[in-house]
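Chains as they are written, first to last, in this note's numbering: chain G, 1129 to 1234; chain D, 57 to 286.
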């Protein structure tokens, strides 16, 4: 496992740095194609949602959109808090408190 | 000008409220990596080299289960593709900065650093104070993030699972996503990605995330064109 672990870490570091530095390293005259900029605009919302949505909607790998899914309910509270306060601390704290509350209620 | 200390301090100060969210997310990331079986030393090196919490949490499980190197790297690339968008946008501000500064800016660009930068300078790209401001915010967030991950790695399995702190990771991603949803096309992109990832969750090797990203981006672009045409 060790060698492949280090290889993986190096590969992750490389692609992450390349993504971060990509356009900053192009010479000043080069234009970014407009279609690419349009597509990139939607990357954060799409990718981030793809990471957290399964954590709320699935229970033990099974779709669970019911009131018995405390993670779904707590997630809804956190989304409302994020919408209202736009602050990550408030979102995390309200989500965790809601999770314990629903856990206790259900 | 590059080392204007008061502007650097302004960047640090602007980062302070953000740090409240960086600390729990960093701790969680450290805990998640160690809990999934990554050795503490490797977790710390990874945090220093990769410096991207979302991808580290999302791949911890893949890493621990001995998934192929290429798959983990590909998943990391998809999750961190959003940094390309930040870099395209930061280019408007820093294209003419010396190369070594651009190399450093690339390393320090985290979601919330980019957010702070945008809040302050999006309407005045010619402001000369943006470099020290960016570095101030970036260094503050980097330092606190690394310390928080270190704390998480050291606490490791010491956090009782009954606290359910693992849920803080998706919560941190929600906190990053919701402020992005300022127009219909963006909401369409997020919804399409969310529905796709859940519908495709049975696909092996986290391919659902890859597929959801593609569907979400397409949905956003289609929606944008439709709104513009009507």
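Don't be surprised by glycine CBs; every beta carbon is placed ideally from N, CA and C. Being a predicted model, the structure only gives us computed values, none of them experimental.
Contact check, residue i vs residue j, beta carbons under 7 Å
i, j, result
"residue 273/D", "residue 1174/G", "yes"
"residue 81/D", "residue 228/D", "yes"
"residue 1160/G", "residue 125/D", "no"
"residue 1147/G", "residue 232/D", "no"
"residue 134/D", "residue 221/D", "no"
"residue 189/D", "residue 63/D", "yes"
"residue 1210/G", "residue 1226/G", "no"
"residue 193/D", "residue 70/D", "yes"
"residue 122/D", "residue 209/D", "no"
"residue 275/D", "residue 264/D", "no"
"residue 1141/G", "residue 106/D", "yes"
"residue 165/D", "residue 142/D", "yes"
"residue 1144/G", "residue 108/D", "yes"
"residue 79/D", "residue 204/D", "yes"
"residue 1234/G", "residue 1198/G", "yes"
"residue 253/D", "residue 1182/G", "yes"
"residue 1200/G", "residue 1224/G", "no"
"residue 1165/G", "residue 277/D", "no"
Identity of the residues DSSP links to residue i by a beta bridge
i, result
"residue 1187/G", "1190/G"
Residue i at chain A interface by Cβ criterion, 7 Å
i, result
"residue 253/D", "Among the chains of the structure shown, chain A does not appear; the protein chains present are G and D."
Checklist entry - In chain order, which beta strand (DSSP E) runs of at least 3 residues are fully inside the region 198–259 of chain D? => result Along the region 198–259 of chain D, the beta strand (DSSP E) does not occur as any fully enclosed run of 3 or more residues.
Item to check | At least three beta-carbon pairs within less than 8 Å, the region 68–81 of chain D to the region 1210–1229 of chain G | outcome: The region 68–81 of chain D makes contact with the region 1210–1229 of chain G: 3 or more CB pairs, one atom from each, lie closer than 8 Å.
Checklist entry - Are at least three pairs of beta-carbons, each pair with one atom in the region 133–150 of chain D and one in the region 1146–1154 of chain G, less than 8 Å apart? => result Touching, yes.
Item to check | Segment contact flag, the region 205–218 of chain D with the region 87–97 of chain D, C-beta cutoff 8 Å, min 3 pairs | outcome: Yes, since at least three Cβ pairs between the region 205–218 of chain D and the region 87–97 of chain D fall closer than 8 Å, the two stretches touch.
Checklist entry - Of the residues that make up the region 211–230 of chain D, which ones have a beta carbon closer than 7 Å to any beta carbon in chain G? => result Residues passing the 7 Å Cβ filter: 220, 223, 224, 226, 227, 228, 229 and 230.
Item to check | Continuous alpha helix (DSSP H) assignments of at least 4 residues falling wholly in the region 1201–1231 of chain G | outcome: The qualifying runs do not exist here; there are none.
Next on the checklist: Tell me whether the region 191–206 of chain D and the region 1166–1185 of chain G touch, counting them as touching only if at least three CB pairs, one residue from each stretch, are closer than 8 Å.
Outcome noted: Taking one beta carbon from each stretch, the region 191–206 of chain D and the region 1166–1185 of chain G have fewer than 3 pairs nearer than 8 Å; the two do not touch.
Item to check | Residues from the region 150–162 of chain D in contact with chain G, defined by Cβ distance under 7 Å | outcome: Of all residues in the region 150–162 of chain D, 150, 151, 152, 158, 159, 161 and 162 have a Cβ within less than 7 Å of some Cβ in chain G.
Checklist entry - the region 1144–1162 of chain G: which residues have C-beta closer than 8 Å to a C-beta of chain D, in chain order? => result Near chain D, meaning a CB-to-CB distance below 8 Å, the residues of the region 1144–1162 of chain G are 1144, 1145, 1147, 1148, 1149, 1150, 1151, 1152, 1153, 1154, 1156 and 1160.
Item to check | Meets three-Cβ-pair contact criterion under 8 Å: the region 1177–1186 of chain G and the region 258–272 of chain D | outcome: Segments in contact, yes.
Next on the checklist: Threshold first: 4 residues or longer. Then list the alpha helix (DSSP H) segments lying entirely within the region 125–151 of chain D, N to C.
Outcome noted: Here the runs fully enclosed are 125–135 and 138–150.
Next on the checklist: At a CB distance below 8 Å, what residues from the region 1178–1202 of chain G approach chain D? Give them in sequence order.
Outcome noted: Listed in sequence order: 1178, 1179, 1180, 1181, 1182, 1183, 1184, 1185, 1186, 1189, 1191, 1199 and 1202.
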